[in-house]
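Engineer:
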Amino acid sequence: MIRLLSKKQIYMEGVYMLNNINGSDIFISVLYLIGGLFGMMLSFYLLLCFIQWVSDVVDEKRWQVWKEWIL
455 MIRLLSKKQI YMEGVYMLNN INGSDIFISV LYLIGGLFGM MLSFYLLLCF IQWVSDVVDE
515 KRWQVWKEWI L
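Residue numbering for the sequence shown follows the numbering used here, starting at 455 and increasing by one per position.
#1: Would you identify the three-state DSSP class for Lys515, choosing helix, strand or coil?
#2: When the Cα atoms are used, what is the spatial distance from Gly489 to Ser478?
#3: Look at the alpha carbon of Ser483 and the alpha carbon of Ser497, and state the distance between them as a whole number of angstroms.
This is the structure we're talking about:
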């Protein structure tokens, strides 16, 4: 037998659902969604910046200058 986590849950069509969803829960959910999308966009942008930086290093042959510093 399945034990309910709280008395506020009801069982409908095979899925446990909360019966007290209010506006603040929906607002927080939307904020989490927007924050997640912003985080993914920011990480993708930083990845593109890194790829551009590597491309500039290779095109301008800066690695040859760095090689002199190391050796």
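C-beta: ideal position from N, C-alpha, C; glycine also. In this text the structure is predicted, and so the values were computed from the model without any measurement.
Structural biologist: Judging by the given coordinates:
#1: Taking the first residue of the sequence shown as position 1, residue 515 is located at position 61. Here Lys515 sits in coil by DSSP.
#2: Numbered from 1 along the sequence shown, position 35 holds the residue referred to as residue 489. Numbered from 1 along the sequence shown, position 24 holds the residue referred to as residue 478. Looking at the two C-alpha atoms, the distance is approximately 16 Å.
#3: Within the sequence shown, residue 483 is the residue found at index 29, counting from 1. Within the sequence shown, residue 497 is the residue found at index 43, counting from 1. Their backbone Cα atoms lie some 21 Å apart in a straight line.
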